[in-house]
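Per the numbering used here, the sequence shown starts with residue 2, numbered consecutively.
I have placed the structure first, in the form of structure tokens, so that the comments after it can refer back to it.
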Amino acid sequence: MLQPMPRFAVIFLLLPLATLRAQESAPDGARQLAEAQARLKKISASEYDLDGIRINAATREVRIPSKVELRQAPIEYLLVHETGKTHETVLTTAVSPTAVQVALLLVNYQAATEGMLARVPPEERPKIWREEPPATPGANRVLISAEWEEKGKLNSLPLAQWMQNSDTREPPPDLDHWIFNGSYVDERGFIGEHEGSIIAVWLDRGALFNSTAEGAWDDQRWISLPKNIPEEGTPVTVVIKPVESPGPEAPKQGAKSPPSSSPLPSKQTPP
């Protein structure tokens, strides 16, 4: 089962209050998170809804409604908010990045940057970025796929099959999982919400998820793969699952959340 409000309150209190107070002119990220949590609705014994996101507490599956924005384009993202960088993404969603981050944390994924730079050459690594591990090893690694209906048939593909290397014209062979790094806070507030970036194929610390493919640092490397993508405007469900298959038992009610599961990292997190 999902954790009740008191758990979220504990997570929320992990935020550096001084940092939040310093952001007087920025949107109140803490308030946005609390409001998102309050909108959580239970729809069955193990399923919840948050602004249209379906959350399965037993399997830890998170399902995000979206639609195809562009079938053929150079891309830096596979999913952004509808007010985000829609000119360089395949999918857009009306769901807020804040709600997506809350949904992941409620089923015990842990936002952490470990793995984001694993295939990035040292000379290409932003010097101010740090790789920080999750409290539970691997808890920031996820599988992401796309589901859609076409001519009465349900289709499903790993989201990596919707992108291709502009040189080889092939999907990335090494993108077997994505990193849930979570976004960060600065003087503008929660950057995931501010910029609307959710799933990035080009390294973006402000996006919630990042690619682990070789070449992710190159903003000229990736284009969409139209043959695998349905028509523009087609509704698509983005499905997020843990890399490791869940065991036979659902997550325990009242399990303690490790400190790294804070919904928003502190302002000191490098951009």
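By construction, the Cβ of each residue, glycine as well, lies at the ideal position given by its N, Cα and C atoms.
The beta carbon of THR84 sits closer than 8 Å to those of GLY197, all from its chain and outside the five residues before and after it, given in chain order.
Straight-line measurement puts the Cα of ILE65 at about 18 Å from the Cα of GLU151. With a cut-off of 8 Å on Cβ pairs, the stretch 84 to 102 is not in contact with the stretch 133 to 146, counting fewer than three such pairs.
Distance between ALA136 and THR114, taken at the CA atoms: about 12 Å. Counting along the chain, the unbroken alpha helix (DSSP H) around GLU194 starts and ends at 192 to 196. For ILE56 against VAL108, the beta-carbon gap comes to about 6 Å, under 8 Å, which counts as contact.
Below 8 Å, too few C-beta pairs join the stretch 198 to 208 and the stretch 40 to 55 to call them touching: fewer than three. Only exposed fits GLY153, as fewer than 16 other CB atoms lie within 10 angstroms of its CB. Counting other Cβ atoms within 10 Å of its Cβ, ILE230 reaches 16 or more and is therefore classed as buried. Check the Cα spacing between LEU160 and each of ARG32, ASN182, VAL69, PHE191: the tightest is with VAL69. Residues ARG222 of the same chain have their beta carbon placed closer than 6 Å to that of GLY216, with the five preceding and five following residues left out of the count.
Shortest Cα-Cα distance from ASP177 to any of ARG189, VAL186, ASN156, ILE145 involves ILE145. For the set THR93, GLU125, GLU124, the Cα lying nearest the Cα of GLU77 is the one of THR93. ALA58 and VAL101 have their C-alpha atoms some 15 Å from each other.
Scanning PRO127, GLN111, ALA104, ALA147 for the CA closest to the CA of PRO236 turns up ALA147. If you draw a straight line from the Cα of GLU62 to the Cα of ASN211, it is about 18 Å long.
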